[in-house]
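Under full-length UniProt numbering, the residues of the sequence shown are numbered 1 to 261, in order. Note that beta-carbon positions come from the ideal geometry of N, C-alpha and C, so glycine has one too. Here the structure comes first, spelled out in structure tokens, and everything after it is commentary.
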Amino acid sequence: MNGEVEHVMTGGVVNEVVRVGNTVRRSTGPWTPSVHALLRHLESVGFPYSPRVLGFDDQGREVLTYIEGEPALRPWPSVMRSDGGLREMGRILRELTQAVEDFVPPADPVWRTEPVSGSTSMRHGDVGPWNTIWKGDRLVGLVDWDFAEPAPPLWDLAQAAWYGVPIFGGENRHRECGFDTEPDLRHRLKVLCGAYGADAETVLDALRDLQAVEQERVVSLSAQGIHPFTVFAARGDVEDLDAEAAELAALRGPDGPFGGL
Numbered sequence: 001m002n003g004e005v006e007h008v009m010t011g012g013v014v015n016e017v018v019r020v021g022n023t024v025r026r027s028t029g030p031w032t033p034s035v036h037a038l039l040r041h042l043e044s045v046g047f048p049y050s051p052r053v054l055g056f057d058d059q060g061r062e063v064l065t066y067i068e069g070e071p072a073l074r075p076w077p078s079v080m081r082s083d084g085g086l087r088e089m090g091r092i093l094r095e096l097t098q099a100v101e102d103f104v105p106p107a108d109p110v111w112r113t114e115p116v117s118g119s120t121s122m123r124h125g126d127v128g129p130w131n132t133i134w135k136g137d138r139l140v141g142l143v144d145w146d147f148a149e150p151a152p153p154l155w156d157l158a159q160a161a162w163y164g165v166p167i168f169g170g171e172n173r174h175r176e177c178g179f180d181t182e183p184d185l186r187h188r189l190k191v192l193c194g195a196y197g198a199d200a201e202t203v204l205d206a207l208r209d210l211q212a213v214e215q216e217r218v219v220s221l222s223a224q225g226i227h228p229f230t231v232f233a234a235r236g237d238v239e240d241l242d243a244e245a246a247e248l249a250a251l252r253g254p255d256g257p258f259g260g261l
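Written out as structure tokens, the structure reads:
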């Protein structure tokens, strides 16, 4: 390490991530070459919100550029609770969709999970507030691309709505995320989708499909002993996903905030 000091970064549950100077060091897997190809493509087309690939260190860890700023961990910073923060997320996810349109994966690509049928686009794969980096009211980075994969259109936006509106947590959602009172979910969803340029009802359809796939993956891959899905299953994600699918259906009902969108 040549005397370089490592600082463990907070917020991750999948693997240990450390900062060394202006770089981030992360463990790798069979999917790393494919993810690096995507990140290099994003760099080549001028997408400014993804880390740059610098190579590997003497421990075999990938080395990425460090994006200066603060992640939106719970309770959220004020920007994540504002319309402006949602517009930033929607705008940047639209830029990402456009940036990956001409991405050509490497031969025989390996991704962390098996892409589903109908995967005509690419997605970040873990678009939650915890993987967004902010400087004041500006979103300056999307980090942790290990779950990047080919995916149906709108899955990144659907995931951003799931965790960023938010569409989870029932009566406790506003307290967990830092709201003083229950947020106007309908308004927040429309702000996010409007900034991206997508129909809110279509995004909720995509979220329904995404939740089903995420649950199937946790069940299947945890049964095979594959990390981190064993961790996800042990902490109750299968049951949580059941509850969140039911919650989404209720929110879309005639008496819910998403009824008649």
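| Asked | Found |
| --- | --- |
| Considering only C-alpha positions, which residue in the set N22, R81, S34 and V5 is nearest to R175? | R81 |
| Which value, in whole angstroms, describes the spacing of the CA atoms of P166 and P257? | 12 Å |
| Over the uninterrupted alpha helix (DSSP H) stretch that includes P150, give me the two end residues. | Unbroken run through P150 is the beta strand (DSSP E), E149 to A151; no alpha helix (DSSP H). |
| Could you check what DSSP says for I133 in three-state terms: helix, strand or coil? | strand |
| So the beta strand (DSSP E) S220 belongs to, where does it begin and stop? | Not the beta strand (DSSP E): S220 falls in the alpha helix (DSSP H), residues A200 to A223. |
| Does the distance from the CB of L93 to the CB of Y196 come in under 8 Å? | yes |
| Three or more C-beta pairs closer than 8 Å, one from the stretch 39–55 and one from the stretch 95–113: is that the case here? | yes |
| So if DSSP puts F258 in a beta bridge, which residue, or which two residues, is it bridged to? | According to DSSP, F258 bridges with nothing at all. |
| Who are R26's beta bridge partners in DSSP? | V17 and E62 |
| Which residue wins for smallest C-alpha separation from G178, given the options W76, D57, G128 and D144? | W76 |
| Is it buried or exposed, residue 264, if we count other Cβ atoms within 10 angstroms and call 16 or more buried? | For the chain, the structure presents residues 1 to 261; residue 264 sits outside this window and is missing. |
| Evaluate contact between the stretch 115–124 and the stretch 53–72, counting only Cβ atoms and requiring at least three cross-stretch pairs below 8 Å. | no |
| For L261 and G170, I'd like the C-alpha separation in whole angstroms. | 20 Å |
| Can you have a look at R235 and say buried or exposed, based on whether 16 or more other CB atoms are within 10 angstroms of its CB? | exposed |
| Going by other Cβ atoms of all chains shown within 10 Å of its Cβ, with 16 needed for buried, is P30 buried or exposed? | exposed |
| Using DSSP bridges, identify the partner residues of F56. | E62 |
| In whole angstroms, what separates the C-alpha of D237 from that of A243? | 10 Å |
| Tell me the rounded alpha-carbon separation between T132 and P254. | 33 Å |
| Using a threshold of 8 Å, state whether the C-beta atoms of V35 and D146 are closer than that. | yes |
| Can you tell me whether I67 is buried or exposed? The criterion is at least 16 other CB atoms within 10 Å of its CB, across all chains shown. | buried |
| Hey, out of G85, L86, T23 and A99, whose CA is closest to E62's CA? | T23 |
| Taking Cβ positions only, does L221 come closer than 8 Å to chain B? | In the structure shown, chain B cannot be found, because there is only a single protein chain. |
| Which residue marks the beginning of the alpha helix (DSSP H) containing V238, and which one marks its end? | D237 to L251 |
| Out of L142, F232, L204 and I226, state which residue places its alpha-carbon closest to the alpha-carbon of E247. | L204 |
| Hey, which unbroken runs of the alpha helix (DSSP H) at 4 residues or more fall wholly within the UniProt domain "Aminoglycoside phosphotransferase" (33–108)? | 83–99 |
| So for G178, helix, strand or coil by DSSP? | coil |
| Could you check how far apart the C-beta atoms of L192 and A160 are, in whole angstroms? I think they sit under 8 Å. | 7 Å |
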